[in-house]
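Trainee: All residue numbers for the sequence shown refer to this note's numbering, where the first residue is 1 and numbers rise by one.
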Amino acid sequence: MGHFTDAGPANAPEVTPAPDNAVEVLTTQIRAALHALAPGGHGAFARAIEQLQPDPDIHQGDSMEHQVKHLLKALPRARTSRQQMLRTASHVLARAADAELLLEYQVNKHSREQAQNHYPGAHVETSRGMSLGAAAGLPGIGEVSLTGSAHRTDSTSTYDDLAVAHFSTTTVTGRAALEVGLPAEVTAGAQAGVYTTRGSGQVDDKMQDHVLSLARASVARRLGGSRLLRIAKRLVGPRRDRYAERISTALAWQTRLPMLLGHSAPLRTPRFHPAAPVPIPATLRTVGGELAACAGIALLGAEVSAHAARTEVTINLPLRLTDMSAEACAVRQEIMVQRRLDERVAHLLERQSGPRSLTLQLVQRLRCTPAGASALATRLDAVKYLGAEFDHLEALARHALQAPRVAAPPLASLSRDWGGDGLHHEPVMVHMLDTLAWLQATPAPATADPTRQDWERLQECVQQLANRIHGSAIPHDRQRVHQATHAIRPMTQRVASRQGTVGLTSSLAIPGLDAAMRATVSRIERDDPDPLRAGTYIDLTLTGELTPALGELLAQIQRSVAGTGDRLPTEQIEHVLMHLSPSFPSTLNTRCVVRLFRPRFQQEPGFPAWCKGTHLQAVRLSAGSTQGLNLVAPVPVAPGVSIKPGLHYRRVEQVPQLEWLHDGTLTGPLLRYISLRTPDADEATTWATMLERHGADVDRLARTLAVPGSVPASEARYWLTREVGQQGPTRAQRAALAELTTLGHLQDPTARRSQMHRLFLAVSEVTLRAKRASPLIGAAVLPPSPLR
Numbered sequence: 001m002g003h004f005t006d007a008g009p010a011n012a013p014e015v016t017p018a019p020d021n022a023v024e025v026l027t028t029q030i031r032a033a034l035h036a037l038a039p040g041g042h043g044a045f046a047r048a049i050e051q052l053q054p055d056p057d058i059h060q061g062d063s064m065e066h067q068v069k070h071l072l073k074a075l076p077r078a079r080t081s082r083q084q085m086l087r088t089a090s091h092v093l094a095r096a097a098d099a100e101l102l103l104e105y106q107v108n109k110h111s112r113e114q115a116q117n118h119y120p121g122a123h124v125e126t127s128r129g130m131s132l133g134a135a136a137g138l139p140g141i142g143e144v145s146l147t148g149s150a151h152r153t154d155s156t157s158t159y160d161d162l163a164v165a166h167f168s169t170t171t172v173t174g175r176a177a178l179e180v181g182l183p184a185e186v187t188a189g190a191q192a193g194v195y196t197t198r199g200s201g202q203v204d205d206k207m208q209d210h211v212l213s214l215a216r217a218s219v220a221r222r223l224g225g226s227r228l229l230r231i232a233k234r235l236v237g238p239r240r241d242r243y244a245e246r247i248s249t250a251l252a253w254q255t256r257l258p259m260l261l262g263h264s265a266p267l268r269t270p271r272f273h274p275a276a277p278v279p280i281p282a283t284l285r286t287v288g289g290e291l292a293a294c295a296g297i298a299l300l301g302a303e304v305s306a307h308a309a310r311t312e313v314t315i316n317l318p319l320r321l322t323d324m325s326a327e328a329c330a331v332r333q334e335i336m337v338q339r340r341l342d343e344r345v346a347h348l349l350e351r352q353s354g355p356r357s358l359t360l361q362l363v364q365r366l367r368c369t370p371a372g373a374s375a376l377a378t379r380l381d382a383v384k385y386l387g388a389e390f391d392h393l394e395a396l397a398r399h400a401l402q403a404p405r406v407a408a409p410p411l412a413s414l415s416r417d418w419g420g421d422g423l424h425h426e427p428v429m430v431h432m433l434d435t436l437a438w439l440q441a442t443p444a445p446a447t448a449d450p451t452r453q454d455w456e457r458l459q460e461c462v463q464q465l466a467n468r469i470h471g472s473a474i475p476h477d478r479q480r481v482h483q484a485t486h487a488i489r490p491m492t493q494r495v496a497s498r499q500g501t502v503g504l505t506s507s508l509a510i511p512g513l514d515a516a517m518r519a520t521v522s523r524i525e526r527d528d529p530d531p532l533r534a535g536t537y538i539d540l541t542l543t544g545e546l547t548p549a550l551g552e553l554l555a556q557i558q559r560s561v562a563g564t565g566d567r568l569p570t571e572q573i574e575h576v577l578m579h580l581s582p583s584f585p586s587t588l589n590t591r592c593v594v595r596l597f598r599p600r601f602q603q604e605p606g607f608p609a610w611c612k613g614t615h616l617q618a619v620r621l622s623a624g625s626t627q628g629l630n631l632v633a634p635v636p637v638a639p640g641v642s643i644k645p646g647l648h649y650r651r652v653e654q655v656p657q658l659e660w661l662h663d664g665t666l667t668g669p670l671l672r673y674i675s676l677r678t679p680d681a682d683e684a685t686t687w688a689t690m691l692e693r694h695g696a697d698v699d700r701l702a703r704t705l706a707v708p709g710s711v712p713a714s715e716a717r718y719w720l721t722r723e724v725g726q727q728g729p730t731r732a733q734r735a736a737l738a739e740l741t742t743l744g745h746l747q748d749p750t751a752r753r754s755q756m757h758r759l760f761l762a763v764s765e766v767t768l769r770a771k772r773a774s775p776l777i778g779a780a781v782l783p784p785s786p787l788r
């Protein structure tokens, strides 16, 4: 059972810190440079240098740049080039330390803010829109209305696989409503509506990536100045990543500092935060409709509604062509991908009458000469030359940050050699990555072929150099380079839902509050490439709501006023509140969701019949709030007929508080374990995180797995013996299958958890293979180069 009530730093999403404290390393280097500027300085100045340290209060405290400037003013003017360079280095390192300190502050800040959104079911939504309707009848007696509205919604949600998605959507709605007022304070109404939603968004695979992206955006705004200044800079020139510029300049000085300080050994190099992964683009389309009816008698109300919707989400999964994975190797051998790579390389060569780059000269020779015995050796030489040219590009780009006039001519010359304009680094990097992918996309020789070893070395060299280019600290638009050099695999998720809701509303004994209870039953059919998520869901949702009752508050105030002469104009105020209350909706709620799941893989042959059915998967408890503003101004156009234009604003927030992964099915705990795995974390760390959050759920599942005929045990046995494509069970899966039979004999909790880890690891491998083979993931497509 996982509790999420503590939203403090202890439960904040773990953002990987910099391997070395970059601020500490930079501070040490700044002190050394200042000491070198004043080797015989008096004691007070030396003590001031030792007291130099970053101020944790970045808003009120002195920045490192300000402190260094203050110390440099106390020194005499630089008379030698070495002194001038030490001054410049101190200033550059101080600016980089300020930028890194600001990033650390923003990472911690956004980690705390996003702690509540780190768990499944978290949802924050803000919508703004307008409506236009026509109504006929008398309000309070009988009225028929037709309304059309359009809303723009920004939402951030965390899903079962811990992915964080931010969507911006537009919803167009049409609604017809009937309201009737009867004697004795009896009201009734009905409405029907249809809507369609279109939008796009971005998906971060993990909350850590989302937090780092938010932090980098905050740092860019802070370093870019005021909003008007940032807009002016954007209009004048290209968008600049000032954080990347500062750390790149500081890294460029690392080769000079040992010489300036008189050190024979190299200094400790500061390691800054890595760049945030590029979010995955996605599109969303929804069509739905609803029917609702309500009735009320005095302070008691009831409502019934039905809703149906069909949603389709397309996520463009990126695939790095230079990767060594089996999927990337297969994509590189596809005819259409090779043809597109050849078009890109040919376009690069056509822009130059005779390429000056040694790499492009070899590429041109390879394109003109049929493959021979020396082709692989030529490709390896081309990769080596390209690596040297990229090193030259990095050195010139860093030097340009220190001496723009000196570095500009050779940098522009190198840029033009690779199809650039001499001003931007992105075209050069994209062309280099395209060339590497083209060099790597050569058919693999047979295993017994003597050139097989050269081919494998070519694959490894290209991957290493491509990773260096992608992770370069050169200031550039990473998203542009990423989108231009990655293939796209469209992944489709379809969700068809039908739900019914029954609600009761009543006033509480607590003065000024109205309460509502709603019970909702939803049936969701989900088509998903992940076999652990595809299937039929039945969600039973119980919701309790509290809403301020302004009429009750008015009566309470009236009773507190002494004397009949001081009585308030109750009727007039109630009349005003009756019209204003719907305009300012505000609600607090608590929600309990009981989720039942019937996986789609139960329909596959070989699955035991006695385990088929719907099983309890999870129970979740969350709390939330809703605030809004609805301004509708009826405009009479004829007796009993009016037009109703309106403006609307609404903010919804739902925060998970507790989650219980039930042992009725293996899918819930297994999906959570797979979702916690990251490329940067080892298996021991992942399993420790799983036990920290869901240790009790894992132990309970282990006891259920020890029962041979239980549903989780049958699901695990099915996946461990299931063949995917032409591959049979692996050695790890066969070992896990043997351990599954002995799970009940283990008395040591630590040994049982270790065996559960091996079981989860083996089952997750086969489910991931099934996901990759799903028809809902389309073939990889390499789009045309955006540089043409």
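C-beta atoms are modelled at their ideal positions from N, C-alpha and C, and glycine is treated no differently.
Note that the coordinates shown come from a computational prediction; the quantities given were computed from them, not determined experimentally.
Can you list the alpha helix (DSSP H) stretches of 4 or more residues lying completely in the stretch 191–226, in chain order?
Mentor: Within the stretch 191–226, the complete alpha helix (DSSP H) runs of at least 4 residues are 207–223.
Trainee: Are the beta-carbon atoms of A789 and P656 separated by less than 8 angstroms?
Mentor: The shown model of the chain, from 1 to 788, leaves out residue 789, and the question about it has no answer.
Trainee: Along the beta strand (DSSP E) that carries T547, what are the first and last residues, could you check?
Mentor: Unbroken beta strand (DSSP E) run through T547: G535 to P548.
Trainee: Based on the DSSP output, what are the partners of S155 in its beta bridges?
Mentor: The partner list for S155 (beta bridge, DSSP) reads E125 and F167.
Trainee: If you reduce the DSSP assignment to three classes, tell me which class G565 lands in.
Mentor: At G565, the pLDDT of 47 sits below 50, so the modelled position is not reliable; the number obtained from the coordinates is stated separately. G565 falls in the coil class under three-state DSSP.
Trainee: Evaluate contact between the stretch 344–363 and the stretch 380–398, counting only Cβ atoms and requiring at least three cross-stretch pairs below 8 angstroms.
Mentor: Because the criterion of three Cβ pairs below 8 angstroms is met, the stretch 344–363 and the stretch 380–398 touch.
Trainee: Report yes or no: do three or more beta-carbon pairs, one from the stretch 269–279 and one from the stretch 291–307, lie closer than 8 angstroms?
Mentor: Not touching, per the Cβ criterion.
Trainee: Within 10 angstroms of its Cβ, does V383 collect 16 or more other Cβ (buried), or is it exposed?
Mentor: Buried is the call here.
Trainee: When you compare only the Cα positions, how much space is there between H615 and V194?
Mentor: Cα to Cα, H615 sits roughly 33 angstroms from V194.
Trainee: Pull up the CB-CB distance for F584 and L629, whole angstroms please, since I reckon it's below 8 angstroms.
Mentor: Their Cβ separation, rounded to whole angstroms, is 6 angstroms, which keeps F584 and L629 in contact under 8 angstroms.
Trainee: Y119 by DSSP, collapsed to three states: which one?
Mentor: If DSSP states are grouped into helix, strand and coil, Y119 belongs with coil.
Trainee: State buried or exposed for M336, treating a residue as buried only when at least 16 other CB atoms are found within 10 Å of its CB.
Mentor: When all chains shown are included, M336 counts as exposed.
Trainee: Are the CB atoms of R758 and L691 nearer to each other than 8 angstroms?
Mentor: Cβ distance not < 8 angstroms, so R758 and L691 don't count as in contact.
Trainee: Please report the straight-line C-alpha distance between I643 and A681, rounded to a whole angstrom.
Mentor: Spanning the two alpha carbons is a distance of roughly 60 angstroms.
Trainee: Compute every distance between the C-beta of P608 and the non-hydrogen atoms of the ligand MN, then say whether any falls below 7 angstroms.
Mentor: The ligand MN is not part of the structure shown, which contains no ligands of any sort.
Trainee: Nearest-angstrom Cα distance between A308 and T126?
Mentor: When rounded, the distance between both Cα atoms is 22 angstroms.
Trainee: DSSP beta-bridge partners for T447?
Mentor: T447 is not bridged to any residue.
Trainee: Excluding five sequence neighbours on each side, which residues of the same chain lie with their C-beta closer than 6 angstroms to the C-beta of V172?
Mentor: A150 and T196.
Trainee: Which residue's Cα is closest to the Cα of L212: D748, F45, H648 and Q114?
Mentor: Answer by Cα proximity: Q114.
Trainee: Between L676 and Q67, what straight-line distance do the alpha-carbon atoms span, to the nearest angstrom?
Mentor: Between L676 and Q67, the C-alpha separation is close to 43 angstroms.
Trainee: Do the stretch 242–262 and the stretch 282–291 touch if we need at least three Cβ pairs shorter than 8 angstroms?
Mentor: Result no; under three Cβ-Cβ pairs closer than 8 angstroms.
Trainee: Taking its Cβ as the centre, do 16 or more other Cβ atoms sit within 10 Å of M429, making it buried, or is it exposed?
Mentor: M429 should be labelled buried.
Trainee: With 16 as the cutoff for other CB atoms within 10 Å, does N316 come out buried or exposed?
Mentor: Looking at its Cβ environment, which holds 16 or more other Cβ atoms inside 10 Å, N316 is buried.
Trainee: Taking DSSP as the reference, what is the three-state secondary structure of F597?
Mentor: F597: strand per DSSP, three-state reduction.
Trainee: Determine which residues share a DSSP beta bridge with S622 and list them.
Mentor: For S622, which the question treats as bridged, DSSP gives the partners R591 and P656.
Trainee: Report yes or no: do three or more beta-carbon pairs, one from the stretch 398–406 and one from the stretch 416–428, lie closer than 8 angstroms?
Mentor: As far as the Cβ criterion goes, the stretch 398–406 does not touch the stretch 416–428, which means the pair count is below three.
Trainee: Roughly how many angstroms lie between the CA atoms of E334 and V203, to the nearest whole one?
Mentor: Those two C-alpha atoms are separated by around 28 angstroms.
Trainee: Considering Cα atoms alone, identify which of Y537, R651 and G640 is closest to A618.
Mentor: Comparing Cα-Cα distances from A618 to each of Y537, R651 and G640, the minimum goes to Y537.
Trainee: Hey, P712 and D663: beta-carbon distance below 8 angstroms or not?
Mentor: Yes. Within cutoff.
Trainee: The alpha helix (DSSP H) that contains R285, what's its start and end?
Mentor: Looking at the DSSP string, R285 is not in any alpha helix (DSSP H); the run it does join, the beta strand (DSSP E), is I280 to I297.
Trainee: Give the single residue among T314, D434, W687 and A190 whose Cα lies nearest to the Cα of R494.
Mentor: The candidate whose alpha carbon is nearest that of R494 is T314.
Trainee: Would you grab the beta carbon distance between A97 and A33 for me? Rounded to a whole angstrom, and I think it's under 8 angstroms.
Mentor: About 12 angstroms separates the two Cβ atoms, so there is no contact after all.
Trainee: In three-state terms, what does DSSP make of A89?
Mentor: The answer is helix: DSSP assigns A89 an H, G or I state.
Trainee: Over the uninterrupted alpha helix (DSSP H) stretch that includes G606, give me the two end residues.
Mentor: No alpha helix (DSSP H) contains G606, which DSSP labels as neither H nor E.
Trainee: Report the partner residues of Q493 according to the DSSP bridge assignment.
Mentor: For Q493, which the question treats as bridged, DSSP gives the partners V313.
Trainee: Would you kindly work out how many angstroms separate the C-alpha atoms of Q53 and H91, rounded to a whole number?
Mentor: Looking at the two C-alpha atoms, the distance is approximately 14 angstroms.
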